[in-house]
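A.B. asks:
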Amino acid sequence: MQINLSNAVKFESRHNGPTEAEIAEMLEKIGASSLEELINQTVPESIQLTRPLDLPKAKLESEFLADFKVLASKNKVFKSFIGLGYYDTIVPGVILRNVLENPGWYTAYTPYQAEIAQGRLEALINFQTVVMELTGMELANASLLDEGTAAAEAMTMLHAVKPREKKNANRYFVDEKVFPQTKALLVTRAEPIGIELVFGPISSLDLTDPELYGVMFQYPNGDGAISDYSSIVAAAKENKVLTAFASDLLALTLLTSPGEMGADVVVGSAQRFGVPMGYGGPHAGFFATKEEFKRQIPGRIIGVSIDRAGNKAYRMALQTREQHIKREKATSNICTAQVLLSVMASFYAVYHGPKGLKNIALRAHGLAKLTATALSKVGLNVADHAFFDTIQIKMNEVSRERVRGLALGANINFRYEADSIFISFDETKSLEDVKSIVNIFATEEGKHTLTLDKLVEGLQLELPAALARKSDYLTHPVFNNYHSEHEMLRYIKRLENKDLSLVHSMISLGSCTMKLNATAEMIPVTWPEFSQLHPFAPMDQTLGYQELFTNLRTWLTEITGFADTSLQPNSGAQGEYAGLMVIRAFHMNRGEGHRDVALIPTSAHGTNPASAVMAGMKVVLVKCDEKGNIDIEDLKSKATEHKDDLSCLMVTYPSTHGVFEEAIQEICATIHQYGGQVYMDGANMNAQVGLTSPGRIGADVCHLNLHKTFCIPHGGGGPGMGPICVASHLAPFLPGNPLVKTGGELAVSSISSAPYGSASILPISYAYIAMMGGDGLTNATKMAILNANYIKERLAGHYPILYTGSKGRAAHEMIVDCRAFKEVGVEVEDIAKRLMDYGYHAPTVSFPVAGTLMIEPTESETKAELDKFCDALLSIREEIREIEEGKADRVENVLKNAPHTAKMVLTGEWTMPYSREKAVFPIAFVKEGKFWPTVRRIDSAYGDRNLVCSCIPVEEYATETELA
7 MQINLSNAVK FESRHNGPTE AEIAEMLEKI GASSLEELIN QTVPESIQLT
57 RPLDLPKAKL ESEFLADFKV LASKNKVFKS FIGLGYYDTI VPGVILRNVL
107 ENPGWYTAYT PYQAEIAQGR LEALINFQTV VMELTGMELA NASLLDEGTA
157 AAEAMTMLHA VKPREKKNAN RYFVDEKVFP QTKALLVTRA EPIGIELVFG
207 PISSLDLTDP ELYGVMFQYP NGDGAISDYS SIVAAAKENK VLTAFASDLL
257 ALTLLTSPGE MGADVVVGSA QRFGVPMGYG GPHAGFFATK EEFKRQIPGR
307 IIGVSIDRAG NKAYRMALQT REQHIKREKA TSNICTAQVL LSVMASFYAV
357 YHGPKGLKNI ALRAHGLAKL TATALSKVGL NVADHAFFDT IQIKMNEVSR
407 ERVRGLALGA NINFRYEADS IFISFDETKS LEDVKSIVNI FATEEGKHTL
457 TLDKLVEGLQ LELPAALARK SDYLTHPVFN NYHSEHEMLR YIKRLENKDL
507 SLVHSMISLG SCTMKLNATA EMIPVTWPEF SQLHPFAPMD QTLGYQELFT
557 NLRTWLTEIT GFADTSLQPN SGAQGEYAGL MVIRAFHMNR GEGHRDVALI
607 PTSAHGTNPA SAVMAGMKVV LVKCDEKGNI DIEDLKSKAT EHKDDLSCLM
657 VTYPSTHGVF EEAIQEICAT IHQYGGQVYM DGANMNAQVG LTSPGRIGAD
707 VCHLNLHKTF CIPHGGGGPG MGPICVASHL APFLPGNPLV KTGGELAVSS
757 ISSAPYGSAS ILPISYAYIA MMGGDGLTNA TKMAILNANY IKERLAGHYP
807 ILYTGSKGRA AHEMIVDCRA FKEVGVEVED IAKRLMDYGY HAPTVSFPVA
857 GTLMIEPTES ETKAELDKFC DALLSIREEI REIEEGKADR VENVLKNAPH
907 TAKMVLTGEW TMPYSREKAV FPIAFVKEGK FWPTVRRIDS AYGDRNLVCS
957 CIPVEEYATE TELA
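Here the working numbering is used: the first residue of the sequence shown is 7, the next is one more, and so on.
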């Protein structure tokens, strides 16, 4: 046998599931002579690309990691004392290895199927408890994207819930000491919806102003100062003005909570609870408020309910008030959370407990106080306000610049403003750091440095009496039982074992693209060169990141067929909003600010109309025809009717129904004819890459879900990234940042807090593109279409497929119609729950059509896995047929009782009219590695009627024995 010395295994063959032999078998099954024939039958010839993608040659995994280490080395990891809501933190090793680097946690999907997500949901309940108890509020959600966007959500929610006496009030006062990146986000969000922002010192606040509906404070503020706002909040309540606080969870272990001061909303970031800075993200923002606002709070709330046996079970509560369900009536478009990061923060709180957290806070405060005392003795002008972890040294420009030079020489970053230097401390800093800082300032002042020993001996916590926390927090056993690493490891593992993820089986969610998150892509995420940089570090310390951004923007721009890309939006919903704000800015710059109508097909995801409303647009719905395509005549009629005020069309391509609409270029041309822009939702970009592009079909802007098409994992419901790519005429309006130059010369204000969004997960998409290359990416798209059509053919004759293209092909996903089964009492939910007994997560349920399943297999699944999934669905179809033929009871059957737990089948008398084996081992392959749901079907209505969203004692719930 001849030896081939260049026979290295390409990454593409690891990422794409089907082998050459399997491809041939699958093509035969679906009736196509070749892959090219299948693609030509699926993607309209008129929109197919005429040349291959112009991307660098694909790299081997080892080659990529070696080269990427060189790129990473161009980032300089200085000690950061910059603050502004971003702090160094120590990620406990037990959390780093067993959560952040563990695919059992990061490859899970959003917990819509709660019975197989109990571990994640418990961790999120813990997170909500931490937030509620530290902020002193009654209700918290399961996280938002970052502090700035959480503050913006607070502003708009308070506007929606303002008292009747203030129904016409639109003015919102923001303390000038709020973080600058947050203020920039408030500007972005306020202007399109008519909220008037007033920035100023608190001394200028006029609570008697009849136009004023809300006030926002930062606690501690941007200067590090802490103040008692109780009297202001009390006066605000008398004047029917609502109050929002941006706060710091670590500070609140020592300080009186905003809730105790009477706050209506408290927001912030949980980043310093064991989540790396990551040059800006991803981090878990938090949002806490009063229970009376439970139906207006943005994001997801995890609640406690009971399962069919009466056992405690967690679920996402109050889903009917989720913003994407409200559509154009929504006050927010947020439909996600930062689950992986909030899970990490919750485990950090569990591991350290209330005493440990307080000690970390005391240490940070102590180092800050020691530094302030020492610098005062050196003769520096240290601001004398009360503070937690941030001190302010007032200096003239010449002295400030000398300090900057000395600090940089010592690999230290401070925050520099017009007349001051700010120094923020965190848990990673030490007494040696204080000595270095004092030495820098003493050198600048021409004085000898101090010996700190005596100052250390007399160090005491001294906070103003009104601000010293007196209330307890985190008293639940979960925060007090797992402080040894062994116990913490076991707790993490117990929760992980309750959740189904991609480590178990295919997750075939239509529109959500749960593809392989390759290990080689994930490895760089925790490298210190990427994870330990502050988002506002000097640019010359971040050259590796800048190279990464430049290359990734170039690649994504090429893939989409556009002219430029912004990496700032840190979720798909943020990308939608950013794209619409860029369109809005384009019209306004042309003197056509009156263009405010967004045409949106009725099949669109609910975030589309919600985003349009947030961008100040009026939503006009466009009908779909019986084949699920946009009704061209209705589109033309609506475009003609609104020709003078048409802003844009929002379109998903391939359609939400899983079809490449052949009239897409005509649709885009119609919008352009009447002066509008075309926004393409990138949810289904997985079916376009290398075959067609948004630019090719005639769109002007699109967002990309990097957590779908470009391999960033879903993390159990977040993080995500939603960059926008634009045509040349929109490039000048790409979003900016107040502290770091980003975007175009006419940039819209910030979309996310950090200049490059969740920068530390961008290496994942970078790695995917670099290791696949242009041909590999194109082949991945072809495999996605092949896998979908193979499933479609295997299910043919058993389940109706609702929509297909003109040649009978699906795109990368399909809608399976289950509505006919209602005649025998079987709902689509029953099928979803029964799939758990087969070891599978359900496809997307009842979207975009009620009573259906939307299946997307992705290119990463092998034929063997596709066959197992199809076998499961076909077996379930036989179970339905047993009901149809009267062989199984309409009520007591395997579908209605699904899922079946181990406890259910192994304890007590078996009274079901079917066997235990049929319940839990319905097909041979299930026996090979059974995944056991830990709870039975959950009572959603009970949980909504009895809303509990924090840790409560187990004994408050009825047990299965008691109910029996």
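For glycine and all other residues, C-beta sits at the position ideal for the given N, C-alpha and C.
1. Take every Cβ of the segment 745–761, pair it with every Cβ of the segment 562–574, and state whether three or more of those distances are shorter than 8 Å.
2. Between Ala-579 and Gly-286, is the Cβ-Cβ spacing less than 8 Å?
3. Grab me the residues of Val-484's own chain with a C-beta within less than 7 Å of its C-beta, minus the 5 sequence neighbours each way, in chain order.
4. Measuring only the C-alpha atoms, how far is Thr-965 from Gly-914?
5. May I ask whether a heavy atom of the ligand FMN can be found less than 7 Å away from the beta carbon of Ile-513?
6. For Tyr-112 and Gly-664, what's the separation of their Cα atoms in angstroms?
7. Note down the Cα distance separating Lys-243 from Val-345, rounded to an integer number of angstroms.
8. Tell me which same chain residues have a C-beta within less than 7 Å of the C-beta of Lys-189, skipping the five on either side of it?
9. With 16 as the cutoff for other CB atoms within 10 Å, does His-492 come out buried or exposed?
10. On the DSSP bridge list, what partners appear for Val-184?
11. Ignoring anything shorter than 4 residues, give me the alpha helix (DSSP H) runs that lie fully in the segment 634–692, in order along the chain.
12. Assign Ser-572 to one of three DSSP states: helix, strand, or coil.
13. Determine the direct distance from the alpha carbon of Pro-58 to that of Asp-877, and round the result to whole angstroms.
14. By Cβ distance below 7 Å, which residues in the same chain neighbour Ser-514 in space, the five residues on each side in sequence not counted?
15. For Phe-592 versus Gln-679, is the C-beta spacing smaller than 8 Å?
16. Got a sec? Which residues, its chain only, sit under 8 Å from Ile-670 by beta carbon, not counting five neighbours each side?
17. Secondary structure at Asn-317, three-state DSSP: helix, strand or coil?
18. Just the Cα atoms here: how many angstroms apart are Ile-201 and Ala-856?
19. Would DSSP call Tyr-583 helix, strand or coil?
20. Going by C-alpha distance, which of Glu-867, Asp-152, Asp-687 is nearest Thr-342?
21. Consult DSSP for Leu-1 and reduce its assignment to one of helix, strand or coil.
22. Do Ile-529 and Leu-71 come within 8 Å of each other at the CB atom, strictly closer than that value?
23. Sorted by chain position, which residues of the same chain lie with C-beta nearer than 7 Å to Ser-867's C-beta, five sequence neighbours on each side aside?
24. Within 10 angstroms of the Cβ of Ser-209, are there 16 or more other Cβ atoms? Answer buried if so, exposed if not.
25. Are the Cβ atoms of Ala-584 and Ile-730 separated by less than 8 Å?
26. Quick one: grab the DSSP three-state call for Asn-10.
27. Is Cys-876 helix, strand or coil by DSSP?
28. Counting only the same chain and skipping the five closest in sequence on each side, list residues whose C-beta sits under 8 Å from that of Val-239.
29. Measure the Cβ-Cβ separation of Ala-645 and Leu-605 and say whether it is below 8 Å.
30. Using DSSP's beta-bridge definition, name the partner residues of Met-820.
31. Per DSSP, Asn-387 forms a beta bridge with which residues?
32. Evaluate Gly-949 with the Cβ neighbour count: other Cβ atoms within 10 Å of its Cβ, from every protein chain shown; 16 or more gives buried, anything less gives exposed.
33. With distance defined between alpha-carbon atoms, name the residue in Tyr-320, Glu-934, Arg-883 nearest to Gly-803.
34. Check this for me: beta carbons of Gln-398 and Ser-430, under 8 Å apart or not?
35. Ser-338: buried (16+ other C-beta within 10 angstroms of its C-beta) or exposed?
36. Based on the DSSP output, what are the partners of Gln-224 in its beta bridges?
C.D. replies: Quick look at the numbers:
1. yes
2. no
3. Asn-132, Val-356, Cys-957
4. Low per-residue confidence applies at Thr-965: pLDDT is 39, beneath 50, and the placement is therefore not dependable, though the value from the model is reported in the following sentence. Rounded to the nearest angstrom, the two C-alpha atoms are 14 Å apart.
5. The model depicted lacks the ligand FMN and carries no ligand whatsoever.
6. 27 Å
7. 34 Å
8. Val-180, Phe-205
9. exposed
10. None; Val-184 has no bridge partner.
11. 638–647, 670–679
12. strand
13. 37 Å
14. Pro-849, Ile-861, Glu-862, Pro-863, Phe-875
15. no
16. Pro-50, Ile-53, Val-657, Tyr-659, Ile-703, Gly-704
17. coil
18. 36 Å
19. helix
20. Asp-152
21. With the chain running from 7 to 970 in the structure shown, residue 1 is simply not present.
22. yes
23. The amino acid occupying residue 867 in the given sequence is Glu; Ser does not appear at that position. Result list for Glu-867: Gly-23, Met-512, Asn-793, in chain order.
24. exposed
25. yes
26. coil
27. helix
28. Thr-249, Met-267, Gly-268, Ala-269
29. yes
30. Ile-861
31. Lys-400
32. buried
33. Arg-883
34. no
35. buried
36. Ala-252
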